[in-house]
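So the sequences go chain by chain: A and B. Note that our numbering has the first sequence beginning at 6, numbered continuously upward. Note that our numbering has the second sequence beginning at 430, numbered continuously upward. Quick reminder that beta carbons are idealized off the backbone N, C-alpha and C, glycines included. Contents: one structure, followed by commentary.
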Amino acid sequence: MVQYVWLIPLLPLIGAFINGVFGSRLSKTTVGVLASALMGVSFIIACSIFVHIISLPVHERSIEVSVYNWMTSGQFSVDINFLVDPLSTLMILVVTGVGFLIHVYSTGYMHHDKAFWRFFSYLNLFVFFMLMLVLGGNYLVMFLGWEGVGLCSYLLIGFWYEKKSASDAGKKAFVVNRVGDFGFILGLFLLFWTLSDSGIHSLNYGEVFAHAGSIDPATITIITLLLFVGACGKSAQFPLYVWLPDAMEGPTPVSALIHAATMVTAGVYMVARNNALYSLAPFTGEIVASVGIFTAFFAASIGLVQNDIKKVLAYSTVSQLGYMFAAVGVGAYTAGVFHLMTHAFFKGLLFLGSGSVIHAMSGEQDMRKMGGLHKHLKFTSTTFIIGAVAIAGIPPLAGFWSKDEILWEVFEKGHIYIWITGLVTAGMTAFYMFRQVFMTFTGECRADEHTKHHIHESPKSMTVPLIILAVLAVTGGVVGIPFFEEGTAAHHFLNSVFSHGAAVVNHQGAAAHDSEAIYGGLEFILMIVSVCVGALGIFLASLMYYEPMKKYAPSFWKAEVMASKFSGLYTLLYNKWYVDEIYDACIVNPIKRACAACLRFDLGVLDGMVNGAGWLTRFAAWLSHKFDIYVIDGLVNSMATGVSLDGRILRRLSSGQIQHYALVFVLGLIVIFGGFILGY
Amino acid sequence: MIFNNAAIMQTLNVNLNAVAPVALMTVLAIVLMVIDFFLKRENKFSLGIVTLIGLVLILPVAATTVDPAPAFGGMVIADAYAAFFNVVFIIAAIFAVVISNDYLRKISSERGEYYYIIIFATIGMMVMASANDLVNLYVGLELMSLSFYILVAMRRSATGAEGALKYFILGAFSSGILLYGITFTYGFAGTTNLTEIARMGVNLSSANHYLLIAIIMLVAGFAFKIAAFPFHLWSPDAYEGAPTPVTALLSVGSKAAAFAFFLRFFGGAFHEFHAHWAGLLWILSAATMLVGATVAIQQKNIVRMLAYSSIAHAGIILIGVVVMNGFASAGVMFYMFVYAFMNMGAFTVVALMARNDGTGKSISDYKGLAGRRPVLAFVMALFLLSLAGIPPTGGFTAKFFILASAIEARYYWLAAIGVISTVISLFFYAKVIFYMYMKEPDALDDMAPVTQAPSTLAYNIIIFITAVSTMVLGLCPTPVMDMAIAAVSHL
Chain A
6 MVQYVWLIPL LPLIGAFING VFGSRLSKTT VGVLASALMG VSFIIACSIF VHIISLPVHE
66 RSIEVSVYNW MTSGQFSVDI NFLVDPLSTL MILVVTGVGF LIHVYSTGYM HHDKAFWRFF
126 SYLNLFVFFM LMLVLGGNYL VMFLGWEGVG LCSYLLIGFW YEKKSASDAG KKAFVVNRVG
186 DFGFILGLFL LFWTLSDSGI HSLNYGEVFA HAGSIDPATI TIITLLLFVG ACGKSAQFPL
246 YVWLPDAMEG PTPVSALIHA ATMVTAGVYM VARNNALYSL APFTGEIVAS VGIFTAFFAA
306 SIGLVQNDIK KVLAYSTVSQ LGYMFAAVGV GAYTAGVFHL MTHAFFKGLL FLGSGSVIHA
366 MSGEQDMRKM GGLHKHLKFT STTFIIGAVA IAGIPPLAGF WSKDEILWEV FEKGHIYIWI
426 TGLVTAGMTA FYMFRQVFMT FTGECRADEH TKHHIHESPK SMTVPLIILA VLAVTGGVVG
486 IPFFEEGTAA HHFLNSVFSH GAAVVNHQGA AAHDSEAIYG GLEFILMIVS VCVGALGIFL
546 ASLMYYEPMK KYAPSFWKAE VMASKFSGLY TLLYNKWYVD EIYDACIVNP IKRACAACLR
606 FDLGVLDGMV NGAGWLTRFA AWLSHKFDIY VIDGLVNSMA TGVSLDGRIL RRLSSGQIQH
666 YALVFVLGLI VIFGGFILGY
Chain B
430 MIFNNAAIMQ TLNVNLNAVA PVALMTVLAI VLMVIDFFLK RENKFSLGIV TLIGLVLILP
490 VAATTVDPAP AFGGMVIADA YAAFFNVVFI IAAIFAVVIS NDYLRKISSE RGEYYYIIIF
550 ATIGMMVMAS ANDLVNLYVG LELMSLSFYI LVAMRRSATG AEGALKYFIL GAFSSGILLY
610 GITFTYGFAG TTNLTEIARM GVNLSSANHY LLIAIIMLVA GFAFKIAAFP FHLWSPDAYE
670 GAPTPVTALL SVGSKAAAFA FFLRFFGGAF HEFHAHWAGL LWILSAATML VGATVAIQQK
730 NIVRMLAYSS IAHAGIILIG VVVMNGFASA GVMFYMFVYA FMNMGAFTVV ALMARNDGTG
790 KSISDYKGLA GRRPVLAFVM ALFLLSLAGI PPTGGFTAKF FILASAIEAR YYWLAAIGVI
850 STVISLFFYA KVIFYMYMKE PDALDDMAPV TQAPSTLAYN IIIFITAVST MVLGLCPTPV
910 MDMAIAAVSH L
């Protein structure tokens with residue numbers, strides 16, 4: 006079965022091709038069914054591969070499938086190959102599974118769009134690249150996927166390009182991701198040439214990881230840091246997160262698939278995949294964990310006061326990704342990947358739920374104009390609340406297990422500050438999620454009459470995926486329930502992938518596992534603490550935003566009162582810490598000016614040089630002319646006439662452009678000569 | 430007196446086989462001139478068909494003419510390396526001829542001489558690629574350049590004349606400088622033959638100032654032909670003024686010819702002095718990459734943008750010349766091969782989009798192309814992504830080989846600058862894609878280029894071939910790369 010793994014990415018690619026080329030001539034039903042069906046088949050193949058992998062003994066669970074030799078030159082050779090191991094199997098299950106549900110959902114959500122075929126073509130193409138990214142067996146294939154998902158994300162954010170904000174958001178995502186990708190490429194090159202120095206001409210994971218130990222620590226730190234810059238861009242970490250909230254201009258299924266469940270987790274996957282490298286660079290680990298937890302807190306703080314239903318979820322996604330980075334940064338790869346999986350379920354669910362709300366509200370996204378929607382949207386609100394409970398970290402839902410495992414691992418590895426920040430962030434998460442739930446689904450409807458009249462539950466194609474995702478958000482955590490004899494099922498499954506990293510980490514901190522029994526008890530206590538924090542967040546949100554609870558709230562605990570009392574902080578958070586403005590002032594505008602200056606240099610300075618030369622001659626001519634007239638007046642009149650004539654000729658010459666070009670040519674030659682003379 | 434012809438042939442080493450492709454091309458050109466004489470103006474297009482048939486027939490001859498021994502008293506060498514480049518030139522010429530037919534009709538400038546001047550330009554390139562003597566090189570270079578001066582001026586408009594005049598005057602200027610370089614080379618070496626220079630290379634004192642002057646002059650002369658900074662200023666004007674098929678041939682053919690000789694000269698005859706010229710080319714390469722990529726961002730006209738993009742590409746290819754080992758040289762050859770397809774493809778789409786009055790070349794004319802002509806927009810996006818070096822296109826593998834060779838030879842900074850310029854260049858390529866896919870056309874009337882672009886069979890075939898080749902070279906570069914490596918190994 007595993008030999009046929011290439012079918013998994015191939016099917017969506019075929020879908021993208023057919024819909025992209027013939028889509029405009031096919032009916033909407035055909036397009037939607039084709040795209041979804043191909044995804045479904047991919048998912049079935051992924052499932053059978055999962056079953057196959059499970060049935061193998063642990064040490065045989067890493068299978069490399071080579072499709073063909075991409076390029077060979079000298080000793081260097083790259084294959085198009087796929088690495089099927091527990092990590093990539095988990096990722097393809099998530100990508101194809103959630104991807105399939107979101108495709109089905111989209112057939113309903115996008116039904117009124119005139120460019121229906123284009124949407125599905127892009128969406129299928131995205132899934133293809135995402136699968137290449139997670140399945141690739143070497144860095145080049147991963148890079149192919151990495152660039153490809155970026156391109157598709159850009160196309161899909163700007164899908165409604167008639168809206169200026171949408172095409173601007175697409176551009177912003179593109180530019181910010183370029184910054185990250187630049188670091189990523191440099192990291193890959195550094196890795197490649199470090200290895201080729203020691204005679205390894207391969208980019209296959211297996212060979213790279215096997216030789217990672219021979220790279221000196223400083224180099225490996227730089228490599229991992231550069232790769233992490235790429236991860237920051239793709240996974241929206243501080244300071245490169247700014248594109249993700251704007252990316253919400255894209256259609257909601259895109260936000261769910263690309264900007265919540267799959268693409269943005271590529272950075273986490275990349276770090277987890279490279280655990281062999283990251284474990285060798287403890288300093289990078291510190292940076293990753295610190296950036297992660299800071300982003301988690303920072304984004305959650307912004308999420309507290311946003312009013313756009315999707316923006317809240319966007320900041321929540323940034324925040325949750327921060328959690329994942331905190332986990333992989335401290336070496337808890339399994340916990341990070343586990344949270345990645347559960348997050349795909351509940352955040353996908355929340356986004357699709359918000360899409361269903363927006364669909365019902367005729368496109369309205371401002372939560373201040375919603376309210377009381379539970380009456381009308383039974384399925385949507387129920388599933389949405391399940392998602393909110395899951396992310397808030399209330400047992401036994403999926404989010405609880407994964408978030409708690411991260412907090413526990415962070416605590417166990419001795420990062421107390423990260424743990425405290427993580428705990429506070431968990432409380433904030435619960436607060437803003439339930440603020441959203443209460444504002445959207447409870448109380449009185451604040452919409453205008455026209456919108457109110459149109460509120461309707463979404464069609465089956467949209468609610469059924471919601472229900473399936475809700476089930477997953479409830480049960481998805483079972484694989485991570487601790488207290489089994491051999492650790493959690495997720496640990497058990499993923500361990501073989503992270504053994505590279507684990508070997509190093511355990512070697513360094515062998516004392517960590519001395520007293521399992523005490524730790525077991527402590528883990529339970531910490532669990533209760535984090536549940537209490539989550540519950541407190543929900544409680545505080547209910548006091549502020551849930552009508553029946555409002556009467557119990559103390560007088561200062563009202564949204565308006567708090568906003569006016571702490572108006573400075575409120576304004577700061579509401580304006581997202583002014584990060585966009587800072588970027589504009591410090592980076593965007595200077596770069597714009599620099600680019601313009603470059604052109605001016607080519608046209609202006611070089612031109613100016615020529616004009617200057619001409620002007621100098623003219624000036625000299627003028628000077629000598631005056632000199633002739635006033636000083637030697639009358640004596641050499643004939644000569645003066647000659648010089649002024651000379652000036653006129655030069656003026657005429659320097660106004661043309663060929664002279665300008667030729668002068669640059671000669672100047673260049675002179676500079677080169679000068680350089681060589683100085684050099685020797 | 431009785432001349433013993435065979436003996437003379439022997440002494441001069443007259444090996445006609447070595448010049449078979451050039452000879453056949455010359456015959457083709459003469460045949461075209463004769464036919465042109467008998468054709469009425471409205472029938473000139475049939476000349477294009479004859480040209481095409483001739484080129485297609487000569488292509489296999491050029492590909493198989495491999496004779497590593499120098500012929501004609503060491504003037505000519507028809508090795509596998511020359512054959513590789515000859516194939517690139519002829520393919521480029523075929524593409525240019527096929528798209529010319531419709532384009533010339535569009536700008537109402539059907540002329541017979543157009544076709545055989547293209548052939549003469551190609552002959553010039555072929556002579557350059559197989560030249561083993563600086564004199565022979567100069568003959569080829571001038572033949573190519575003079576033909577291009579005429580071709581650029583073929584569109585009798587103000588911009589055409591302006592571009593051609595600038596190209597001509599500066600070209601004459603650079604030829605003079607190149608000739609100075611050749612003279613100096615002769616001055617210190619006593620010969621213009623590359624094999625001879627290479628043989629005596631070790632005897633030359635490394636502090637020979639004539640040698641340095643010769644190197645600088647020769648580099649400047651070639652840098653002009655490949656449009657490297659600071660000798661690049663002519664190219665946007667010439668590209669803009671010329672008929673688009675000529676621009677395509679100019680950007681691919683003349684550049685490939687210059688690089689062909691560049692490699693043979695600096696890799697062979699002057700290889701001993703690598704330390705002297707590598708530093709100079711290093712700086713030219715870095716400056717060319719950065720200037721080309723940054724200035725391209727500001728361009729509003731797609732031909733000018735592609736001209737600056739072509740400058741940036743020359744900078745990246747120069748990396749391979751700086752590195753100058755087997756892998757790097759093969760990388761340069763592979764790059765030129767890929768470049769011929771992707772750049773030809775992009776220019777074909779540009780030629781298709783241009784309107785009768787010569788407008789339709791603004792980037793904003795590409796707005797909304799995806800909605801109306803999805804296939805055309807898709808292939809254009811493919812070419813642009815390939816030019817930008819996005820995997821899995823041919824442009825990516827080509828860049829990869831060059832940068833990998835730089836890294837292997839420890840030119841880390843140059844490779845890093847190459848990566849930076851690639852990252853910058855993505856902005857202006859993506860801008861066109863952005864316009865095609867995410868904007869509505871400005872004017873919705875029938876005059877908008879988006880709706881007007883007629884698609885004839887010729888255009889479709891060229892677009893199909895170039896698009897497929899661009900993809901295939903990206904997915905499966907090994908056969909061509911192997912050929913290049915084999916060709917370089919005998920250099």
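Contacting residues, own chain, Cβ-Cβ under 7 Å from residue i (five flanking each side not counted)
i       : result
M6(A)   : S53, I54, H57
V681(B) : A521, Y768, A769, N772, M773
F351(A) : G392, A395, I396, A403, G404, A478
L208(A) : V83, N143, Y144, L145, F197
Exposure of residue i, with buried meaning 16 or more beta-carbon neighbours within 10 Å
i       : result
K383(A) : exposed
A736(B) : buried
Y422(A) : exposed
Q325(A) : buried
E869(B) : exposed
L445(B) : exposed
N74(A)  : exposed
Residues sharing a beta bridge with residue i, DSSP
i       : result
E69(A)  : L88(A)
T77(A)  : S82(A)
V46(A)  : Bridge partners of V46(A): none, in fact.
D371(A) : D313(A)
S791(B) : N730(B)
A560(B) : V505(B)
Span of the beta strand (DSSP E) around residue i
i       : result
A656(B) : Unbroken run through A656(B): none, as it is neither H nor E.
I506(B) : 505-507
Check: residue i C-beta below 7 Å from any heavy atom of the ligand ZN
i       : result
T226(A) : Ligands are entirely absent from the displayed structure, and the ligand ZN is therefore not among its contents.
Where residue i meets chain A, residues with beta-carbon distance less than 7 Å
i       : result
P906(B) : M76
A859(B) : F179
Contacting residues, own chain, Cβ-Cβ under 8 Å from residue i (five flanking each side not counted)
i       : result
T480(A) : A403
I472(A) : F384, T388
Residue range of the alpha helix (DSSP H) that includes residue i
i       : result
A725(B) : 703-726
D496(B) : Per DSSP, D496(B) belongs to no alpha helix (DSSP H); it is in the beta strand (DSSP E), 496-500.
F660(B) : No alpha helix (DSSP H) holds F660(B); DSSP gives it neither H nor E.
V861(B) : 841-867
Own chain residues within Cβ distance below 6 Å of residue i, not counting five before or after
i       : result
L902(B) : V767, G823
Listed by chain order, chain B residues near residue i by CB distance under 7 Å
i       : result
F148(A) : P820
R183(A) : V852, L855
Y666(A) : K595, L599, L662, W663
I190(A) : V848
E254(A) : What E254(A) touches in chain B: nothing, since even the nearest Cβ is about 12 Å away.
Within chain A, partners of residue i - CB distance below 9 Å
i       : result
A649(B) : F670, G673, L674, I677
Y866(B) : R123, L160, G163, Y166
Closer than 9 Å at the beta carbon, the chain B residues around residue i
i       : result
W198(A) : A833, I836, E837, R839, Y841, A844
Y144(A) : Correct list: empty, because the minimum Cβ distance to chain B is about 11 Å.
Under 8 Å by beta carbon: chain B residues contacting residue i
i       : result
G175(A) : F863, M867
Contact set between residue i and chain A, taken where Cβ atoms lie within less than 8 Å
i       : result
V804(B) : V26
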